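Engineer: Here it is, the structure, as structure tokens.
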Amino acid sequence: MILLQTLSTDNQSIADTLSTMEVGTGNIGLLDLLIKGGYMMIPLYLLFVLAIFVFVERLMTLRKASKTPKKLIDQVKMMVAGGDIQGAKMICQGEDTPIANMITKGLDRIGSPLKNIEVAIENVGKIEIYRLEKNLNVLATVSGAAPMIGFLGTVAGMIRAFIGVAQEEGMVSPKLLSTGIYEAMITTATGLVVGIIAYLGYNYLVTQVSKLVHSMEYTTVEFIDLLQEK
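Following numbering that gives the first Met the number 0, the numbering of the sequence shown begins with 0 at its first residue and continues without gaps.
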């Protein structure tokens, strides 16, 4: 009888332990983890929102800037070849794109030496490139700062966890230590996720800017060649 009672007590203890473990681990969702990351999660949230905002805003700007229709270039060539400079200007002014702005500046300088026209177009091109690259450095900063802030949050969380362990009297509960550690690691994971997203967004936008700059250079060469043929 004593043996049966002991086995029954042990089985009940094991069942209680498993039940406690299921309650402690099964109900932890993503939102709970993000909340338990601590106050260092706040700057990470802000950096994430900033990165998404900058990426969307730059993406829309680049797509708008790249929409220079091919027929516009062909019409400008035909009008310049026919001597209708004013008509070519009106067509370019109707398109608010970097290529159209560069051609407009070149048309304004017709009559000057080709070297001066080329320099004027290049100056406008530099201004347009600056506008295209605006705020890209913000994404680069977020991609580097977010993981560092995450690491800082983890270090601070580990310090708090070990302080809590040091203040415990008697045997230290493994749950106390493990809870402090996993909560501290949340900031590192979040920082890495934010940094990776910002890094990928930055590289994608840089690639799109490079393509657009190449198109601007190609159009400038075509325009200068057209003026040389006149």
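Beta carbons: idealized from backbone N, C-alpha and C, even for Gly. If you're wondering where the values come from, they're calculated on a predicted model, not measured in any experiment.
Find the nearest neighbour of Ser214 within the set Met40, Leu61 and Thr140, judged by alpha-carbon distance.
Structural biologist: Looking at the Cα atoms, Leu61 is the closest of the given residues.
Engineer: In the structure shown, what three-state DSSP assignment does Ser111 receive?
Structural biologist: Three-state result, Ser111: strand.
Engineer: Given Val75, which residues of its chain have a CB within under 7 angstroms of its CB, disregarding the five upstream and five downstream residues?
Structural biologist: Counting only Cβ-Cβ distances below 7 angstroms, and skipping sequence neighbours, we find Ala87, Ile90, Cys91 and Ile102.
Engineer: Give a yes or no on whether the C-beta atoms belonging to Thr219 and Ile120 are separated by under 7 angstroms.
Structural biologist: In this structure, Ile120 lies closer than 7 angstroms to Thr219 by Cβ.
Engineer: Which same chain residues, not among the five before or five after Leu225, have their C-beta less than 8 angstroms away from its C-beta?
Structural biologist: Correct list, in chain order: Lys76, Val79 and Ala80.
Engineer: Quick check: the segment 127–135 against the segment 104–119, are at least 3 beta-carbon pairs closer than 8 angstroms?
Structural biologist: They do not touch, by the three-pair rule.
Engineer: Tell me which residue opens and which closes the alpha helix (DSSP H) that Thr153 is part of.
Structural biologist: Note, Thr153: alpha helix (DSSP H), Leu135 to Gln166.
Engineer: DSSP three-state label for Gly82, please.
Structural biologist: Looking at Gly82 - three-state DSSP - the assignment turns out to be coil, as it is neither helix nor strand.
Engineer: Between Lys66 and the rest of its own chain, which residues show a CB-CB distance below 7 angstroms, the 5 nearest in sequence each way excluded?
Structural biologist: Around Lys66: Thr96.
Engineer: Between Arg57, Gly37, Ile41 and Ala50, which lies nearest to Val208 when the distance is taken from Cα to Cα?
Structural biologist: Closest option to Val208, Cα to Cα, is Arg57.
Engineer: Starting from Glu56, follow the alpha helix (DSSP H) in both directions and report where the run begins and ends.
Structural biologist: That run of the alpha helix (DSSP H) goes Met40 to Ala64.
Engineer: Rounded to the nearest angstrom, how far is the Cβ of Ile180 from that of Ala160, given a contact under 8 angstroms?
Structural biologist: Confirmed, Cβ separation roughly 6 angstroms.
Engineer: Where does Thr96 fall in DSSP's three states?
Structural biologist: DSSP places Thr96 in coil when its eight states are reduced to three.
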